[in-house]
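Undergrad: Residue numbers (the working numbering), protein chains in the order written: chain F, 358 to 467; chain A, 219 to 328.
Below you will find the structure I want to go over with you.
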Amino acid sequence: AQRVTQPEKLLSVFKGAPVELKCNYSYSGSPELFWYVQYSRQRLQLLLRHISRESIKGFTADLNKGETSFHLKKPFAQEEDSAMYYCALRAGGGADGLTFGKGTHLIIQP
Amino acid sequence: DGGITQSPKYLFRKEGQNVTLSCEQNLNHDAMYWYRQDPGQGLRLIYYSQIVNDFQKGDIAEGYSVSREKKESFPLTVTSAQKNPTAFYLCASSRGPSYTFGSGTRLTVV
Chain F
358 AQRVTQPEKL
368 LSVFKGAPVE
378 LKCNYSYSGS
388 PELFWYVQYS
398 RQRLQLLLRH
408 ISRESIKGFT
418 ADLNKGETSF
428 HLKKPFAQEE
438 DSAMYYCALR
448 AGGGADGLTF
458 GKGTHLIIQP
Chain A
219 DGGITQSPKY
229 LFRKEGQNVT
239 LSCEQNLNHD
249 AMYWYRQDPG
259 QGLRLIYYSQ
269 IVNDFQKGDI
279 AEGYSVSREK
289 KESFPLTVTS
299 AQKNPTAFYL
309 CASSRGPSYT
319 FGSGTRLTVV
């Protein structure tokens, strides 16, 4: 069975500092990895997918199959980045939904 | 305006009672899911359905039941057998890798 691990429950950084939210996964096949974000009082929404290789709101994430990691990075944090971030994995066609990590609460201090 | 609607937003239940949470989508998505979100636990899959009249247990199905009589609807019943039902429940639907989440129902057992 697949598993997603986010080792940090809480991450606090100052505005303008770099941010890295860690995500490691275990899955025997070829996974699709996602980052979802949940801002206060809002719905869970997709931030980015590894397949897209895009940058959204200044965030990027690279899939490292050797280290089975998909860390989320942003060079300069902004206060509006404060939110809960979830790493998720979609396995083999995705028939059984997404597997989520436990989430990291990111707090950007002014 | 397409999306997922969960109702009610807040629900209170007495111990020993069954309660049904509603989830409706007009996105024409085939797949629907129920997740439970607890602080520090992330999102855990309760049940999912890939097509009408078919559904599968997720990781924490005990004490829950679902039905999928229509493509648009995937109601979740929290039964009295669920030992710790107080939680935030999220419904989602998907087509391929694209997932849409509802705004959630907070269930409190009193």
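The beta-carbon is built from N, C-alpha and C at its ideal position, and this holds for glycine as well.
Note that this is a predicted model, so its numbers are computed, not measured.
So GLU437 (chain F) contacts chain B; which residues on that side make the cut at Cβ distance below 9 Å?
TA: No chain B is part of this structure, whose protein chains are labelled F and A.
Undergrad: Can you name the start and end residues of the beta strand (DSSP E) that THR238 (chain A) belongs to?
TA: Looking at the DSSP string, the run of the beta strand (DSSP E) that includes THR238 (chain A) is 237–243.
Undergrad: Residues of chain A with CB closer than 8 Å to the CB of GLY458 (chain F), please, in chain order.
TA: GLY260
Undergrad: Give me the Cα-Cα distance between ILE269 (chain A) and LYS289 (chain A), rounded to the nearest whole angstrom.
TA: One Cα belongs to ILE269 (chain A), the other to LYS289 (chain A), and the distance between them is close to 7 Å.
Undergrad: Is it buried or exposed, LYS431 (chain F), if we count other Cβ atoms within 10 angstroms and call 16 or more buried?
TA: buried
Undergrad: Is the separation between the beta-carbon of THR318 (chain A) and that of ALA310 (chain A) shorter than 8 Å?
TA: Yes, the pair counts as a contact, with Cβ atoms nearer than the cut-off.
Undergrad: With a cut-off of 8 Å on the beta carbons, I'd call TYR384 (chain F) and GLN359 (chain F) a contact; round off their distance for me.
TA: 4 Å
Undergrad: Residues in its own chain within less than 8 Å of GLU280 (chain A) by CB, not counting five upstream and five downstream?
TA: ALA299, GLN300
Undergrad: How is GLY320 (chain A) classed by DSSP in three states: helix, strand or coil?
TA: coil
Undergrad: ARG398 (chain F): buried (16+ other C-beta within 10 angstroms of its C-beta) or exposed?
TA: exposed
Undergrad: Output, in sequence order along the chain, the residues in the stretch 275–300 of chain A whose CB is closer than 8 Å to any CB in chain F.
TA: GLY276
Undergrad: Would DSSP call ASP438 (chain F) helix, strand or coil?
TA: Reduced to three states, the DSSP call for ASP438 (chain F) is helix.
Undergrad: Going by Cα to Cα distance, which pick from A:TYR251, A:PRO257, A:THR297, A:GLN259 is closest to LYS275 (chain A)?
TA: A:TYR251
Undergrad: What distance in whole Å lies between the Cβ atoms of ARG406 (chain F) and PHE391 (chain F), which are believed to be in contact at a cut-off of 8 Å?
TA: In this structure PHE391 (chain F) is in contact with ARG406 (chain F), their Cβ atoms being roughly 5 Å apart against a cut-off of 8 Å.
Undergrad: Nearest to LEU446 (chain F) by CA position, among F:PHE457, F:ASP438, F:ILE408, F:LEU378, is which residue?
TA: F:PHE457
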